[in-house]
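J.:
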Amino acid sequence: MKLKRDVVFRYVGAKIQYYRNLADMTQEDLAKVSNISQSALGRIERGKYNNNISLSVLMDIANGLEMDFTLLLTFSEDEKKQWKDER
Numbered sequence: 008m009k010l011k012r013d014v015v016f017r018y019v020g021a022k023i024q025y026y027r028n029l030a031d032m033t034q035e036d037l038a039k040v041s042n043i044s045q046s047a048l049g050r051i052e053r054g055k056y057n058n059n060i061s062l063s064v065l066m067d068i069a070n071g072l073e074m075d076f077t078l079l080l081t082f083s084e085d086e087k088k089q090w091k092d093e094r
């Protein structure tokens with residue numbers, strides 16, 4: 008399946024926002040512990056981070072959330088089916 012990057016980045020960003028909210032953290036809190044700016048985190052959560060998120064940034068965010076970073080890159084079959092509609 009060929010994927011559009013913007014769709015994947017939106018899903019990654021939505022997962023980050025979801026887990027941040029579960030951890031009861033603000034963007035400012037997560038940005039601080041992840042060593043990135045709050046504006047960068049906001050762009051990532053909206054899927055608008057220059058169409059390029061490095062693994063090291065994802066790892067820093069996952070560490071800030073105290074979670075395995077692979078969860079940010081793993082998608083259910085239902086999520087994957089939705090991608091087809093967004094292409």
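Whatever position you read off the sequence shown (first residue = 1), add 7 for this note's numbering. Just so you know, even glycine gets a beta-carbon here, dropped at the ideal spot from N, CA and C.
Just to confirm my understanding: we take residue 44, look at its own chain, exclude 5 residues before and 5 after, and list those with CB closer than 8 Å. What are they?
T.: Sequence index remark: in the sequence shown, residue 44 carries index 37 (1-based). Result list for residue 44: 38, in chain order.
J.: In the DSSP assignment, find the unbroken alpha helix (DSSP H) run with residue 35 in it and report its ends.
T.: Sequence index remark: in the sequence shown, residue 35 carries index 28 (1-based). Where residue 35 is concerned, the enclosing alpha helix (DSSP H) stretches over 34-41.
J.: Grab me the residues of residue 69's own chain with a C-beta within less than 7 Å of its C-beta, minus the 5 sequence neighbours each way, in chain order.
T.: Start at 1 with the first residue of the sequence shown, and residue 69 comes out as number 62. For residue 69, where only same-chain residues beyond five positions count, the Cβ hits under 7 Å are 75, 76 and 79.
J.: I'd like the list of long-range same chain contacts for residue 66, defined as Cβ closer than 6 Å, with 5 residues on each side in sequence excluded.
T.: For the purposes of this step, residue 66 is identified with residue 59 of the sequence shown, where counting begins at 1. Counting only Cβ-Cβ distances below 6 Å, and skipping sequence neighbours, we find 76.
J.: Would you call the region 29-38 and the region 53-60 touching, i.e. three or more CB-CB distances under 8 Å?
T.: no
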